[in-house]
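Residue numbers (this note's numbering): 16 to 378.
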């Protein structure tokens, strides 16, 4: 199959001179986290909802052109396997399809998964541990947790640990840009013309969450992915308690061919020299770990530089044994990256030992 076989051709777009308020309204109404920007019928770039919650702006007066980024693109005649590689490497939910400098479609990670044969795989084979948030937590706590864990969605639980909803970037973008008009359980929030701002410490997660669509553990993945036609992720539950979560990209990573080796994705780094130093340490780590793990699908590293000039890093290692995460801090990029790889190494080794269980001599 080619990209043209699965891409969405009727694409919603904005122009550089449209306001952020208009863009955000279109995102919420159509449940998309990104929009392509078109100027005089030519593709100009992409905008993303996550960028709106990272800056201090007034959506009614701020123009879209301030947020346009050059995302990787696909061509209509590319193979699906190449689209899978591109979307994993980019770390994005969807990529534009360009022909002769014009936008001809969009392909999302969900489009790719829904057109994939999943055989007899179970949700348990792909899911990673669910990081959750209580419904009575403040939005500020949720934002901090999402940044700390480098995630964009949080299942919401009640005091008994039962699933009561879900929250993601669109829910947050809506409430932070729409201070007084929000409606729990849906995404019908209207944009306000006011310039007041919502204090995230005064908003509870349950006020802005949307309805979750869980599946039970042990479900066939082929059946579970049907949820993705109406939701952004699959939340796996056991007795209505969230125990795992599957994003479309998790499925793509699981099914990607081994050729080319693991994907390496570095985010939040503008300096090419710093990025190269991180990639060097990741490459050393992969060579060291190759004989100790089964298949390694990807390594993701998110970087923050603080006012005291320290670097903090959050890493994710996707393997056949599941997802392994770690964090590190260092005074320079290479030191922080090296420490992060060492911690992933230790956690990975501990995880494998726990899954194998003790040997006879240890009983």
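Think of the CB as a built atom: it goes at the ideal place given N, C-alpha and C, for glycine as much as any other residue.
Am I right that residue 98 and residue 129 are in contact with their C-beta atoms under 8 Å? What's the rounded C-beta distance? So it is not a contact: roughly 13 Å between Cβ atoms.
Residue 188: which of 57, 74, 89 sits nearest, CA to CA? 74
Among 356, 152, 80, which one has its Cα closest to the Cα of residue 303? Residue 356 is the option with its Cα nearest to residue 303.
So, residue 288 versus residue 332, is the Cβ gap smaller than 8 Å? Judged by their CB atoms, residue 288 and residue 332 are not nearer to each other than the 8 Å cut-off.
Please report how far the alpha carbon of residue 257 lies from the alpha carbon of residue 240, in whole angstroms. 17 Å
Does the beta-carbon distance from residue 181 to residue 224 come in below 8 Å? Inclusion of residue 181 and residue 224 in the CB contact set at 8 Å is warranted, their separation being smaller than that value.
Kindly list the residues whose CB is nearer than 6 Å to the CB of residue 327, restricted to its own chain and excluding five residues on each side of it in sequence; keep chain order. 319, 344
Classify residue 133 as helix, strand or coil using the three-state DSSP reduction. coil
I need the DSSP call for residue 321, collapsed to helix, strand or coil. coil
Less than 8 Å separating the beta-carbons of residue 342 and residue 329? yes
Smallest Cα separation from residue 106: which of 115, 96, 167? For residue 106, the nearest C-alpha among the options comes from 167.
At least three beta-carbon pairs within less than 8 Å, the segment 47–55 to the segment 88–96: no
Could you pull out every unbroken beta strand (DSSP E) segment of at least 3 residues lying fully inside the segment 237–304, listed in chain order? 249–253, 256–261, 278–282
If you reduce the DSSP assignment to three classes, tell me which class residue 102 lands in. helix
With DSSP collapsed to three states, give me the class of residue 47. coil
Residue of 231, 118, 254 minimising C-alpha distance to residue 57: For residue 57, the nearest C-alpha among the options comes from 118.
In angstroms with no decimal places, state the Cα-to-Cα distance between residue 202 and residue 103. The pLDDT assigned to residue 202 is 43, lower than 50, so where the model puts this residue is not dependable; a value taken from the coordinates is nonetheless given after this. Those two C-alpha atoms are separated by around 27 Å.
Whole angstroms is fine: what's the gap from residue 264's alpha carbon to residue 243's? Cα to Cα, residue 264 sits roughly 12 Å from residue 243.
Residue 159 classed as buried or exposed, judged by whether at least 16 other C-beta atoms fall within 10 angstroms: exposed
Using C-beta distances below 6 Å, list every residue in its chain close to residue 392, excluding the 5 sequence neighbours before and after it, in chain order. This structure cannot speak to residue 392, because the chain is shown only from 16 to 378.
Give me the Cβ distance between residue 267 and residue 145, rounded to the nearest whole Å; I'm assuming they're in contact under 8 Å. Not a contact, Cβ separation roughly 19 Å.
Distance, residue 138 Cα to residue 235 Cα: Approximately 6 Å between the Cα atoms of the pair.
Flag this pair as yes or no: are the beta carbons of residue 163 and residue 260 separated by less than 8 Å? It is not a contact, given that the beta carbons lie outside the stated cut-off.
Express the C-alpha separation of residue 108 and residue 317 in angstroms, rounding to a whole number. 17 Å
Please classify residue 155: is it buried, with 16 or more other beta-carbons within 10 angstroms of its beta-carbon, or exposed? Answer is exposed; the Cβ neighbour count stays below 16.
Rounded to the nearest angstrom, what separates residue 312 and residue 270 at their Cα positions? For the pair residue 312 and residue 270, the Cα-to-Cα distance works out to about 9 Å.
How would you call residue 353, buried or exposed, if buried means at least 16 neighbouring beta carbons within 10 angstroms? It is buried - the Cβ of residue 353 has at least 16 other Cβ atoms within 10 Å.
Quick one: what's got a C-beta closer than 7 Å to residue 26's C-beta in the same chain, skipping five residues either side? 51, 118, 120, 121
Nearest-angstrom Cα separation, counted from residue 292 out to residue 173: 43 Å
Determine the contact status of residue 33 and residue 83, defining contact as a CB-CB distance below 8 Å. no
Within this structure, are the beta carbons of residue 380 and residue 110 separated by less than 8 Å? Because residue 380 is not part of the residues shown, which for the chain are 16 to 378, the question remains open.
For my contact list, residue 222 and residue 252 are in at a C-beta cut-off of 8 Å; report their separation, rounded to the angstrom. About 23 Å separates the two Cβ atoms, so there is no contact after all.
Please specify which runs of the alpha helix (DSSP H), each continuous and at least 4 residues long, are wholly inside the segment 33–102, giving them in chain order. 35–45, 64–67
Beta carbon of residue 31 nearer than 8 Å to that of residue 64: no
For residue 157, tell me which candidate among 132, 340, 141, 183 has the shortest Cα-Cα distance. 183
Could you tell me if residue 87 is buried or exposed, where buried requires 16 or more neighbouring beta carbons within 10 angstroms of its beta carbon? Note on residue 87: under 16 other CB atoms within 10 angstroms of its CB, so exposed under the neighbour-count rule.
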